[in-house]
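Below is one structure; the comments refer to it alone.
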Amino acid sequence: MTHDLLNVLVLVVSLGVAAQWIAWRMRLPAIVLFLLAGVAVGPVLGFVRPSVDFGDVYRPVVSLCVAVILFEGGLTLRLHEFKEAASGVKRLVSIGAIFAFGLGSLAAKGIGDLDWPVALVFGAIMVVTGPTVIIPLLRQARLNRRTASYLKWEGIINDPIGALAAVLIFQFFVYSGGGDPLDSVLISLGIGSVAAIIIGGGAALLVGWAFRNGYVPEYLKAPSMLAGVLLVFALSNAVQHEAGLLAVTLMGMVLGNLELPNFEEMRRFKEYITILLVSSVFVLLTADLDPVTISHLDWHAIALVASMLIVVRPLSILLATIGADMKWNERLLLSWIAPRGIVAAAVAGLFGPEMLDAGYEDAELLLPLVFAMVLTTVTLHGFTISWLAKRLDLATPDDGVLIVGASPWTTELAQALAKDLNLSVLLVDSSWHRLREARLAGVNVIYGEILSDELQLSLHLNGVNVVLAATSNDAYNALVCRNFAGRLEHDRVFQLPMYAPDEGGNRQKSKAVARPLTGVPAFAENAQYEELWRRHFQDWKFYKTKITEAYSYEDFLSDLPDGSLCIGVLREGKRLTFHAPHAPIKPRPGETVVYYAPKKSGSAEAEARSRSSGRKQKDKDRAQPSPDPAADVVTS
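Numbering-wise, the sequence shown is residues 31 to 666 according to this note's numbering.
Written out as structure tokens, the structure reads:
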């Protein structure tokens with residue numbers, strides 16, 4: 031038996047991690063692969079039967095995993111961001127959540143033919159639209175910042191809110207299921223809620239105090255936090271049955287708003303643990319689905335899923351946003367997009383068996399119904415969000431340029447791309463002082479750590495077409511490029527080295543020690559941070575030249591001043607591609623070349639225009655006239 035359980039554990043964890051990797055590699059929703067993997071090894075092939083394989087420890091294991099997942103969800107909730115959010119976001123997470131709960135419960139009762147207790151728990155779970163599913167869809171659809179913020183914050187805030195509502199409703203009916211009078215039920219519910227607030231909130235404050243005052247060393251902070259979550263869960267359940275989930279969610283909410291210093295390592299540890307738990311729990315839950323129970327899903331289930339998609343969600347959004355500062359196309363998109371994810375499935379997998387034991391027979395349908403909603407919404411919304419965003423004119427063009435690292439040279443580059451080429455440029459740096467010059471120059475800047483998930487979630491990176499890592503730290507640039515290579519194609523992530531290859535020509539040594547490159551080397555072999563800095567102070571400038579039939583790229587190269595650096599090519603008038611020494615670009619007629627060269631004197635500019643005019647006259651028989659095809663424009 032021990033050997034069989036060991037094999038099951040290894041198989042479940044391996045399938046979960048493999049599904050995560052395949053989802054990343056193929057850019058698919060991971061939750062769909064979890065579901066397919068669990069169904070394959072469970073109901074279909076019968077390799078894994080969690081309830082039988084784990085026996086009495088199955089529910090406690092799932093409960094602990096769900097506790098950690100809900101704690102992580104609570105950590106993501108920032109109260110100040112909710113207060114500062116637009117009125118539309120506030121409507122979605124307040125009035126919208128109430129409408130979604132009420133209408134969803136009515137649909138579950140009237141259409142799904144569920145008993146009221148199960149219908150109410152189902153309605154509460156359906157409020158949850160988790161960020162683990164929403165964020166990848168937003169990247170896929172390239173929604174504009176405003177519309178994306180609605181879906182993002184609805185998912186982040188409603189994640190713990192929906193889970194809390196489900197916990198409270200579940201507690202109410204579990205207590206009342208024992209035949210206790212109403213006042214006894216309310217007392218039990220009150221005790222559970224107070225215990226959760228005191229234990230969860232108190233533990234968060236205690237942890238924060240200990241971390242701030244140095245009573246816990248850095249290497250023990252993340253393990254201590256995880257142990258604290260499990261301890262709070264167990265203590266709260268000991269005081270009142272099923273109060274633990276409420277307690278750990280509140281603990282996460284309080285701890286996430288304490289603004290603790292050096293929280294980055296703890297956050298990453300928490301993310302790694304959560305990723306492992308989420309994938310494993312989802313595979314376990316789907317593998318534990320009973321084929322007989324699935325066969326009980328009749329037309330009521332199909333009608334319930336359809337009504338949630340085409341009636342409940344649209345009606346909730348339209349009613350909640352009456353009078354809000356939202357456009358009709360935004361309201362239409364929000365009325366359709368609401369994928370359910372990990373938290374909804376995990377809560378249903380935990381509460382379904384508990385309610386069934388409490389005497390609610392319809393609870394056996396809770397998990398299959400939630401899984402049906404998860405699979406349907408993730409699939410339909412995943413395949414339609416891009417199409418719908420384009421039809422509603424809510425998609426952003428993917429022509430943005432992200433520059434990481436503020437310096438005089440990158441500031442001038444950002445100015446040239448934004449003002450002269452009308453591109454969307456964002457300059458990011460973790461130093462407020464280094465961003466000062468760019469701010470004064472009117473460049474769009476972001477102050478923060480670009481490698482943090484929190485900053486990447488708050489930024490609108492869906493429209494980024496190309497990334498240039500250009501800080502003074504080669505190793506950091508390599509990390510940035512590695513991070514963004516997973517989002518974009520590798521050939522759109524560029525790195526500016528700090529130093530050129532060593533003068534002795536020992537390229538192997540140079541790469542191993544001085545130039546840890548994971549991005550595409552930018553511009554040219556000799557392009558490097560210090561040299562471009564010097565050229566900036568020697569008054570070099572950025573220029574642009576349009577290639578035409580009359581003025582070819584070869585003509586441009588012959589006119590290019592010695593030592594000039596080709597920066598990139600603007601294709602189709604809107605997408606910039608940086609030059610790379612190992613994959614040089616040959617612009618076609620109609621495309622614009624951006625280059626970096628010494629500042630031109632008036633006579634030099636006149637000479638260049640004279641040569642261009644001579645070529646136009648010579649080639650007039652083979653090309654249509656074009657307006658000033660070789661017009662070089664100096665950026666300033």
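Ideal placement from N, C-alpha and C gives every residue a C-beta, glycine not left out. Computed from a predicted structure; not experimentally measured.
Measure the C-alpha to C-alpha separation of residue i and residue j and round it to an integer number of angstroms.
| i | j | result |
| --- | --- | --- |
| Leu265 | Gly153 | 28 Å |
| Pro247 | Val204 | 42 Å |
| Gly620 | Leu345 | 49 Å |
| Leu485 | Gly435 | 15 Å |
| Ile324 | Trp54 | 30 Å |
| Lys300 | Lys576 | 51 Å |
| Gly118 | Asn188 | 14 Å |
| Val92 | Ala444 | 50 Å |
| His609 | Glu102 | 42 Å |
| Met281 | Ala613 | 52 Å |
| Trp358 | Ser454 | 26 Å |
| Ile186 | Leu456 | 25 Å |
| Glu584 | Cys596 | 13 Å |
| Cys511 | Ala552 | 12 Å |
| Ile332 | Leu397 | 14 Å |
| Gly412 | Thr501 | 36 Å |
| Ser642 | Asn507 | With a pLDDT of 49 at Ser642, under the threshold of 50, the modelled position of that residue is not reliable, and no figure is offered here. |
| Glu360 | Thr351 | 10 Å |
| His463 | Asn474 | 15 Å |
| Arg466 | Ser437 | 10 Å |
| Ile367 | Phe567 | 51 Å |
Please state the DSSP three-state secondary structure of residue i.
| i | result |
| --- | --- |
| Tyr573 | strand |
| Val47 | helix |
| Phe77 | coil |
| Ala627 | strand |
| Tyr671 | In the structure as shown, the chain begins at 31 and stops at 666. Residue 671 is therefore absent and cannot be evaluated. |
| Tyr506 | helix |
| Asn37 | helix |
| Ala240 | helix |
| Leu173 | strand |
| Ala388 | coil |
Figure out for me which residue from the options has the closest Cα to the Cα of residue i.
| i | options | result |
| --- | --- | --- |
| Trp570 | Gly232, Pro628 and Ala505 | Pro628 |
| Leu432 | Ser337, Pro551, Ala448 and Thr414 | Ala448 |
| His326 | Asp392, Met385, Glu384 and Phe312 | Asp392 |
| Asp592 | Ala225, Tyr625, Leu260 and Arg242 | Tyr625 |
| Glu560 | Thr440, Ser582 and Glu467 | Thr440 |
| Val96 | Leu63, Ile52 and Leu194 | Leu194 |
| Arg343 | Ala354, Ala331, Ile332 and Leu363 | Leu363 |
| Asp423 | Arg176, Phe200 and Val377 | Arg176 |
| Arg121 | Ser135, Ser218 and Ala354 | Ala354 |
| Asn495 | Asn503, Leu396, Ser482 and Asp521 | Asp521 |
| Gly104 | Gly132, Ala234, Leu410 and Glu394 | Ala234 |
| Pro291 | Asp86, Phe241, Met338 and Val74 | Phe241 |
| Leu339 | Arg464, Gly478, Pro527 and Leu410 | Leu410 |
| Glu184 | Phe131, Asn174 and Val158 | Val158 |
| Ser386 | Met356, Phe200, Asn556 and Leu276 | Looking at the sequence shown, residue 386 is not Ser but Leu. Closest by alpha carbon: Phe200. |
Based on DSSP bridge pairs, tell me the residues matched to residue i.
| i | result |
| --- | --- |
| Gly430 | Val494 |
| Val262 | Val262 is not bridged to any residue. |
| Thr622 | Lys576 and Leu600 |
| Thr607 | Val599 |
| Pro551 | Gln525 |
| Val458 | Val434 and Ile476 |
| Leu345 | Answer is none; Leu345 lacks a bridge partner. |
| Ala425 | Leu173 |
| Ala499 | Val434 and Gln525 |
Taking the Cβ atom as the reference point for each residue, do residue i and residue j lie within a distance shorter than 8 Å?
| i | j | result |
| --- | --- | --- |
| Val262 | Val278 | yes |
| Leu334 | Phe129 | no |
| Val71 | Phe64 | no |
| Val685 | Leu518 | Here the chain covers residues 31 to 666 and nothing more, so residue 685 does not appear. |
| Ile99 | Leu307 | yes |
| Glu442 | Phe572 | yes |
| Leu167 | Ile415 | yes |
| Asp450 | Lys574 | yes |
| Ile155 | Leu181 | no |
| Leu314 | Pro80 | yes |
| Leu509 | Leu481 | yes |
| Ala225 | Ala273 | yes |
| Thr622 | Leu590 | no |
| Asp429 | Arg172 | no |
| Ile141 | Ser310 | no |
| Ala378 | Val400 | yes |
| Ala257 | Met296 | no |
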